[in-house]
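A short write-up of the structure that comes next.
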Amino acid sequence: MPELPEVEIVRQSLEKKVKDKIIEKVLVKNRNLRFKINSKFENHLQKKKIKKVDRFSKYLIVLFEDTSGFIMHLGMSGTIHLYDYNKKNIFTNTSFYNSPILPKKHNHVIIQFNKLKFIYNDPRRFGFFKIFKNKIELKKNFSNFGPEPFSKSFSANYIIKYLKNKEKNIKNFLLDQKFVSGIGNIYANEILYNSKIKPNRKGKSLTKDECKKILLFSKLVLTKAIKKGGSSIRDFKNTNGDMGKFQKEFNVYQRENLNCVKAKCKGVIKKKIISNRSSFFCNYCQK
DNA sequence: AAGAGGCCCTGATAGC
DNA sequence: TGCTATCAGGGCCTCT
């Protein structure tokens with residue numbers, strides 16, 4: 002599920018539930034996620050009071066009062082489920098619903114608060130948890146990352162300079178977290194559609210004007226997605242509550258062979274695999 | 001050294 | 001209680 006907008010939605014709703022709560026008990030059922038969960042993980046979390054839930058790129062950052070904490074990544078299939086003992090309901094990062102049904106398989110990490118249970122579920126196990134002792138240790142994790150699209154340092158000049166003389170295609174740059182942090186496959190496709198640039202264009206082939214469009218639409222598409230509650234695709238058919246709504250606004254993603262949504266455009270959305278990821282684009286209005 | 005491709009893993013779906 | 005192939009919102013590692 003998670004690109005930057007989805008992770009931000011999770012962050013907002015998770016923080017409301019766990020802020021100022023004290024961790025009573027931690028149970029790791031399976032340490033073998035993307036990276037093996039540190040053997041000190043349980044002790045590190047024990048009795049800590051949560052000050053804040055932060056986010057960088059697609060990473061959630063749970064901060065304790067003593068400036069230590071842990072990083073969480075949801076990978077491709079990670080979901081968070083919170084069981085509220087008072088309200089007897091469950092919040093997940095994919096939807097809100099009242100049925101007290103929790104997934105049965107793949108519940109790898111359980112964090113117990115007073116009257117609240119946090120469950121991390123991840124079938125594919127591409128997600129991970131990583132503890133940090135202080136701010137410096139936290140920052141180290143992101144030292145190789147490029148700016149987020151909203152950051153001031155993600156500027157037209159930065160993009161122009163970065164893409165100069167580069168052979169790699171622009172789609173891969175948008176997915177490259179060293180270039181820009183937080184964009185994944187859905188939004189890369191949508192940003193390129195809005196910018197009217199074909200995904201296979203080489204970095205060095207982009208004009209200054211096109212670089213400015215990349216800048217503008219990176220911000221715009223992600224902002225709009227956050228406002229819409231992110232994108233919910235697949236696996237939500239059994240739930241009734243709030244889902245993300247941005248999937249209704251996809252212009253190209255998963256729209257293979259459909260007509261371009263742009264008025265008067267005669268184009269058709271094509272699908273092409275670029276670096277093992279599906280790329281969708283209009284064969285007419287994207288140049 | 002930049003860039004392409006393989007791979008980690010499970011589950012849903014389409015096609016046979 | 002069919003089987004098999006393909007694909008999925010990520011990103012690290014290896015090879016050239």
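With the working numbering applied, the first sequence corresponds to residues 2 to 288, in that order. Note that the Cβ used here is the ideal one computed from N, Cα and C, for glycine as well.
Counted within 10 angstroms of its Cβ, other Cβ atoms place Ser-58 as buried (16 or more) or exposed: Counted from its first residue, the first sequence places residue 58 at position 57. So Ser-58 counts as buried.
Rounded distance between the beta-carbons of Val-262 and Asn-284, thought under 8 Å: Locating residue 284 in the first sequence gives position 283, where the first residue counts as 1. Locating residue 262 in the first sequence gives position 261, where the first residue counts as 1. About 14 Å separates the two Cβ atoms, so there is no contact after all.
C-beta contact flag for Phe-180 and Asn-195 at 7 Å: Taking the first residue of the first sequence as position 1, residue 180 is located at position 179. Taking the first residue of the first sequence as position 1, residue 195 is located at position 194. No, Cβ-Cβ distance for Phe-180 and Asn-195 is not below 7 Å.
Separation of Asn-277 from Phe-151, as counted between CA atoms: Here the question's residue 151 lines up with position 150 in the first sequence. Here the question's residue 277 lines up with position 276 in the first sequence. C-alpha separation (whole angstroms): 27 Å.
Simplified DSSP state of Ile-72, which is helix, strand or coil: Taking the first residue of the first sequence as 1, we reach residue 72 at position 71. The answer is strand: DSSP assigns Ile-72 an E or B state.
Gln-1 to Phe-130 span [Cα, whole Å]: Since the displayed the chain opens at 2 and closes at 288, residue 1 lies outside it and no answer follows.
Three-way DSSP call (helix, strand, coil) for Ile-38 in this model: Start at 1 with the first residue of the first sequence, and residue 38 comes out as number 37. If DSSP states are grouped into helix, strand and coil, Ile-38 belongs with coil.
Straight-line Cα distance separating Lys-41 from Leu-207: Translated into the one-based positions of the first sequence, residue 207 becomes position 206. Translated into the one-based positions of the first sequence, residue 41 becomes position 40. Computed Cα separation, rounded: 48 Å.
CB of Glu-1 within 7 Å of CB of Gly-185, strictly: An answer regarding residue 1 cannot be provided, because it is not within the stretch 2 to 288 covered by the chain.
DSSP state of Lys-131 mapped onto helix, strand, coil: By 1-based counting over the first sequence, the position of residue 131 is 130. In the structure shown, Lys-131 sits in a strand (DSSP, three-state: E or B).
Span of the beta strand (DSSP E) around Gln-47: Taking the first residue of the first sequence as 1, we reach residue 47 at position 46. Element bounds for Gln-47: n/a, residue is neither H nor E.
Cβ-based burial, Asp-123 [other Cβ within 10 Å; buried from 16]: Locating residue 123 in the first sequence gives position 122, counting from the first residue. The residue in question, Asp-123, is buried, as its Cβ has 16 or more Cβ neighbours within 10 Å.
Classification of Tyr-260 by the beta-carbon crowding that lies within 10 angstroms, buried from 16 upward: Walking along the first sequence from the start, residue 260 turns up at place 259. As written in the sequence, residue 260 is Asn, which differs from the Tyr given in the question. The residue is exposed, with fewer than 16 neighbouring Cβ atoms inside 10 Å.
heavy atom of the ligand HEM below 6 Å from Lys-263 C-beta: With respect to the ligand HEM, the structure shown offers nothing to examine, as it has no ligands at all.
Secondary structure of Tyr-159, DSSP reduced to three states: The residue given as residue 159 occupies position 158 in the first sequence. In this structure, Tyr-159 counts as helix in the three-state DSSP scheme.
Beta-bridge partners of Lys-272, as assigned by DSSP: As a first step, residue 272 must be located in the first sequence, where it is residue number 271. Paired residue(s): Phe-281.
Endpoints, alpha helix (DSSP H) assigned at Thr-224: Here residue 224 refers to the residue found at position 223 of the first sequence. Annotation: the continuous alpha helix (DSSP H) that includes Thr-224 extends over 209–228.
From Gln-47, Ala-157, Tyr-60, Met-77, residue whose alpha carbon lies closest to that of Glu-66: If you number the first sequence from 1, residue 66 lands on position 65. Closest by alpha carbon: Gln-47.
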